[in-house]
Amino acid sequence: MRWARDRAREAGLPSVSPGTGAALRMLAATVDAKAVAEIGTGTGVSGIHLLHGMRPDGVLTTVDPEPDRQQFAREAFRAAGFAGNRARFIPGRALDVLPRLADGGYDLVFCDGDRVESLEYLAESLRLLRPGGLVCFEGAFADGRTVDSGPQPVEVLHLRELLRTVRESSELVTSLLPVGDGLLCAVKR
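Quick note, the sequence shown lines up with residues 31 to 219 if you use my numbering.
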């Protein structure tokens with residue numbers, strides 16, 4: 031984990047906080063996750079947490095547009111003791127890759143990609159999840175900007191729309207966990 035966090039810091043990439051990681055591990059265990067999709071591989075920090083919470087035979091499918099990052103994650107997973115068959119790395123833009131994944135084939139989808147695409151990630155996640163499956167979005171607080179009344183960048187406006195959409199959906203049971211920069215979670219009915 032330390033190695034993966036160091037690689038993220040060197041690359042200037044944010045990684046999930048220890049609290050967010052612990053929540054992801056617990057949530058993966060709660061849904062007895064065998065199949066998890068992750069949008070945004072990074073250097074593998076969140077993936078390690080997810081794998082620790084998943085069933086021993088579970089497979090993490092992780093998508094990132096940068097193959098170099100995925101190589102860091104592959105090394106981090108191996109160093110953390112996970113067999114090579116526990117993770118499937120798919121390079122590419124999430125919105126190009128997700129439509130190729132199986133409908134209803136996932137227990138949990140973790141979204142830590144481009145915030146501007148968060149509503150599209152939600153739509154794809156709902157298609158990918160089985161009933162009772164869970165979708166989680168990292169960074170829902172946007173460093174406090176989602177509740178700030180001043181003018182905001184487009185990514186924050188998209189996050190606000192995501193929060194509104196999830197809250198108003200009759201298809202979802204939601205919670206916003208105050209860990210890290212906010213972990214928005216929703217269970218698909």
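Each residue gets a CB set at the ideal place from its N, CA and C atoms; glycine is no exception.
The alpha carbon of Leu213 has as its nearest neighbour, out of Phe107, Leu193, Tyr136, Glu201, the alpha carbon of Leu193. For the pair of segments examined, the region 124-136 was found not to touch the region 167-182: the number of CB pairs separated by less than 8 Å stays below three.
In this structure, Leu80 and Arg145 do not form a Cβ contact; the two beta carbons are roughly 20 Å apart against a cut-off of 8 Å.
Only exposed fits Ser200, as fewer than 16 other CB atoms lie within 10 angstroms of its CB. Sixteen is the threshold: when 16 or more other Cβ atoms of the shown chains lie within 10 Å of the Cβ of Ser45, as they do, the residue is buried. In the three-state reduction of the DSSP assignment, Asp94 falls in the strand class, which pools E and B. For Ala67, the three-state secondary structure derived from DSSP is strand.
If the five residues before and after Val209 are omitted, its C-beta is found closer than 8 Å to the C-beta atoms of Ser47, Gly49, Thr50, Ala52, Ala53, all from its own chain and listed in chain order. Beta-bridge analysis with DSSP links Arg197 to no other residue.
Distance from the CA of Leu149 to the CA of Phe167, rounded to the nearest whole angstrom, comes to 11 Å. With a cutoff of 8 Å on beta-carbon distance, Phe107 and Ile78 are scored as near each other.
Nearest to Gly74 by alpha-carbon distance, out of Ala63, Gly83, Ala110, Pro86, is Ala110. Burial of Met84 is indicated by the presence of at least 16 other C-beta atoms within 10 angstroms of its C-beta.
In this chain, the beta strand (DSSP E) harbouring Leu206 covers 202-207.
Only exposed fits Glu198, as fewer than 16 other CB atoms lie within 10 angstroms of its CB.
Counting only residues of its own chain and dropping the five nearest sequence neighbours on each side, Pro183 has no CB closer than 7 Å to any other CB. If you check the CB distance, Pro95 and Gly122 come in under 8 Å. DSSP places Ala132 in the coil class of the three-state scheme, outside both helix and strand.
Per DSSP, the unbroken alpha helix (DSSP H) holding Leu156 starts and ends at 148-158. For Val217, the secondary structure class from DSSP, reduced to helix, strand or coil, is strand.
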